[in-house]
Structures are given as structure tokens and as C-alpha cells.
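S.K.: Just dropping this structure here.
2 protein chains.
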Amino acid sequence: MDAIDLSLVELLRGNARLSYAELARQVGLSAPAVHERVGKLEASGVLRGYRADVEPEAIGLGVTALIGIVQDSGGDTDDVLDAIREMPEIESCYFMAGVESFLLKARVGTIAELEQLILRLNRTAGVASTRTGVALSTKWENRPQPVTPPRPEAAP
Amino acid sequence: MDAIDLSLVELLRGNARLSYAELARQVGLSAPAVHERVGKLEASGVLRGYRADVEPEAIGLGVTALIGIVQDSGGDTDDVLDAIREMPEIESCYFMAGVESFLLKARVGTIAELEQLILRLNRTAGVASTRTGVALSTKWENRPQPVTPPRPEAAP
DNA sequence: CCACTGCGTGGACGCCATCGACCTCAGCCT
DNA sequence: AGGCTGAGGTCGATGGCGTCCACGCAGTGG
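Shown next, in the form of C-alpha cells:
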């Protein structure tokens, strides 16, 4: 992970469809060299994939909600997690410090579907209660941070 | 936005680096036809961009926090929004129903940086208070929903 | 009936991805 | 010192891909 790798990651965060030739020009290497570096970044898990950023409303997902989950005392966290994982509407899942064990981001088409989702969550074994807030609008999402300050790190 | 467009969006959500030729094979059209369709989807804002999905720890962003913002009574929402927008650590920003006007997702390198960020937010004009929860781990994030059920919609 | 428009195909051509051969340099062993 | 070795780069070749253009083929309105 040197400075060139960081540049590549940065460039691909901004536009994942850049060609290797274009990346090569930007970082001042040859295309095969960039090809190999990107391959290694993928293999090492730094680059986990490439996703199109889609306008949610365009694909029928106009309702966004943030849902906090309070666990039953004695409930198994992994069981709850497995149950949540089976719900495709849950786009993100964070395990949190605090009273609420999980914070979920869900996207559905309608408020009625959100209601169904919340009912399903409340019915899930290990879930004591939920608290959901509806997003009136998404101002932005997954904005890539401009640069990576070279954080001091132990050399391998 | 017909079924083929939906397939293209779906395919690109799964892997934004698929070639037009590969997309063409998958949807049963020629490469130029796919090229044109994708171009129109981009122009119409359905496809907003293509992002590499990066392991945050790998680029020095190991701390994730969710922050709720309560506005001052009488504070201007847009002013608060503008201030938030200037903070690069805020990756997502939702305008919410409820006591907290905004729900932010922030990523920073260290707890110390998070502290600084929270102080900055509390110092921002129009912000009455903040409430932040730290994510102990991110189970998953921005998982693409499997398919889009063809939701009934008014034809333009 | 015919022109127009939208949307597709097929062909052409230059650029790109990718492979293999080779180069260079640093580190290390003898 | 000298040479081995491995990492990581360039260069050149080639087959596939992106992209432009001309054309075909509905469906539509005058």
C-alpha cells in the first residue's frame, strides 16, 4: 500500500469504470503495472468490488428508514444478526455501542412495506424492541472522502 | 425504463466494471445497443456513477459513527446543511422526521478525530445538540437489493 | 401511402486488456 | 565481491472491446 496504490484506490472510488490505460496515465505507470496493482488490491480485500450508484427512486425504493434494534436480555446476538441478514430490504447493518445493539438502514418502496418490515423485525426472536426513523430525504450518501491522509502505521 | 434497463442496472449494481460486451451477452442485445441504453440511464440520472467499494480500515478510516443532530428552534436548516456538507468525514446525510433533524454517518481514523468532529458539529450555528453512537463493527453496508419488483408506475 | 422517429443490428477501426519476455534494482548468501 | 533471487517495472504483440456510422425495421401521424 504505497502512495500509488492510494491514488488508484482514490481514482476508482471516484469512477470505478476508469480503464487501466486511463489509470496508468493518471498515476504515471504502464497499463500492465496498474493491472497488476489493482489485481493485488482486489486480492488483498482493499478493493471489495465495484458498484453502480443508482437513484433509489428509479428502481422503486422511495422510502428510506433507519431502525435501531434493542436486544432481548439473554438473546443471542448472532441469531438476531442471521435473521436480519435474511431481510433484503436491510441495506446496511452496524453493530453499535449503546442500548440499541444494531442500527439498520432499510430501503423499501412504500410506507406499507416499511410497516411490514418493522412488524417482522419486532417478531424476530431476540429482538426486544425497535425504534425507527423515516428519512424525509437523502441529502447524500456514501460520499467518498477526498484524500487519505498518510496515517502513521507500522511497516510490515 | 423497461425490463432490459432494469437488468442492466442490476448487473452494474453487482459489478460496475462489466464490459459493454459482457452486459450485451447477459441481456441479449448487441454491444452498441447496450452502450446507448447505459448512456441514457446515466443521462437521466438513474445511474449516478460507479464507485469502488473500499475496505475503510485499509485507507485509515477505522471508526464509524452515527450522529443525530437536533436543530436550534429558529435555526435555518439550509445553513446547518451547508455547514455539514463542508465536513468531509460525513459520508451520508439524511434529513429525518423526528426530534433529530439529521442523521449523519461519519467515518474517521481515530476516536480523537471523532471527538473533534463532534465538537465542531456542536459549535455549528443552528445545532442545538448532537447524539452520537459508535459502530463497533460494520456487518455490511450498501448491500444491493436482489431484484426490483416491477412496481406499477405512471408511464411518462 | 409515405415520411418520420425510435431503437435495434452489423461492420469497421483504433484503442485497450492482457500475456510473455526481458530489464533493473535491492537484499542476501557464499 | 560476485552472483542468485524475487519484486516490480517496461515493452511489444495480439485478440477482444468500445465506439462510430450506415442501414433496417416497426409503429405513428399527416
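The listed protein sequences correspond, in order, to chains A and B.
Numbers 540 to 695, taken from this note's numbering, label the letters of the first sequence in order.
Numbers 540 to 695, taken from this note's numbering, label the letters of the second sequence in order.
For glycine and all other residues, C-beta sits at the position ideal for the given N, C-alpha and C.
(1) Residues in the same chain with beta-carbon distance under 7 Å from Leu557(B), minus the five sequence neighbours each way, listed in chain order, please.
(2) Tell me Lys644(B)'s beta-bridge partners as DSSP assigns them.
(3) Could you name the residues of chain A that Thr677(B) contacts, counting a contact when the two beta carbons are closer than 9 Å?
(4) Does the beta carbon of Arg587(A) come closer than 9 Å to any beta carbon on chain B?
(5) Would Gly584(B) and Ala674(A) be called neighbours here (beta carbons separated by less than 9 Å)?
(6) Three-state secondary structure (DSSP) at Thr677(A)?
(7) Pairing CB atoms from the segment 562-580 of chain A with CB atoms from the segment 610-621 of chain A, are three or more of them under 8 Å?
(8) Since Ala591(A) is in the beta strand (DSSP E), which residue starts that stretch and which ends it?
(9) Closest Cβ-Cβ distance between Asp611(A) and chain B: below 9 Å?
(10) If we define contact as Cβ-Cβ less than 9 Å, is Val666(B) a contact residue for chain A?
(11) Quick one: grab the DSSP three-state call for Ala667(A).
(12) Would DSSP call Gln655(A) helix, strand or coil?
(13) Do you know offhand how far Arg624(A)'s Cα is from Leu660(A)'s?
(14) Indicate whether the contact test is met: 3 or more Cβ pairs, each with one atom in the segment 625-642 of chain B and one in the segment 648-659 of chain A, closer than 8 Å.
(15) For the putative contact between Tyr589(A) and Ala563(A), defined by C-beta atoms under 8 Å, what is the C-beta separation to the nearest angstrom?
M.R.: Taking the geometry as given:
(1) Here residue 557(B) is taken as the residue at index 18 of the second sequence, counted from 1. Here the set comprises Leu550, Leu551.
(2) Numbered from 1 along the second sequence, position 105 holds the residue referred to as residue 644(B). BP columns for Lys644(B) point to Leu605(B), Ser631(B).
(3) Counted from its first residue, the second sequence places residue 677(B) at position 138. Those within 9 Å of Thr677(B) in chain A are Ser631, Cys632, Tyr633, Phe634.
(4) Counted from its first residue, the first sequence places residue 587(A) at position 48. Arg587(A) counts as touching chain B.
(5) The residue given as residue 584(B) occupies position 45 in the second sequence. The residue given as residue 674(A) occupies position 135 in the first sequence. Taking 9 Å as the Cβ cut-off, Gly584(B) and Ala674(A) do not qualify as a contacting pair.
(6) If you number the first sequence from 1, residue 677(A) lands on position 138. Here Thr677(A) sits in strand by DSSP.
(7) Not touching, per the Cβ criterion.
(8) Taking the first residue of the first sequence as position 1, residue 591(A) is located at position 52. The continuous beta strand (DSSP E) containing Ala591(A) extends over residues 586-593.
(9) On the first sequence, residue 611(A) is found 72 positions in, with the first residue counted as 1. It does not; no Cβ of chain B falls within 9 Å.
(10) Working through the second sequence from its first residue, we reach residue 666(B) at position 127. Cβ-Cβ to chain A under 9 Å: no for Val666(B).
(11) Residue 667(A) sits at position 128 when you count from the first residue of the first sequence. Three-state DSSP puts Ala667(A) in a strand.
(12) In the first sequence, counting from the first residue as 1, residue 655(A) sits at position 116. DSSP places Gln655(A) within a helical segment (H, G or I) once states are collapsed to three.
(13) One-based indexing of the first sequence puts residue 624(A) at position 85. One-based indexing of the first sequence puts residue 660(A) at position 121. Rounded to the nearest whole angstrom, the CA to CA distance from Arg624(A) to Leu660(A) is 11 Å.
(14) The segment 625-642 of chain B is not in contact with the segment 648-659 of chain A.
(15) Translated into positions along the first sequence, residue 589(A) becomes position 50. Translated into positions along the first sequence, residue 563(A) becomes position 24. In fact, because the Cβ distance is near 18 Å, the residues do not count as touching under 8 Å.
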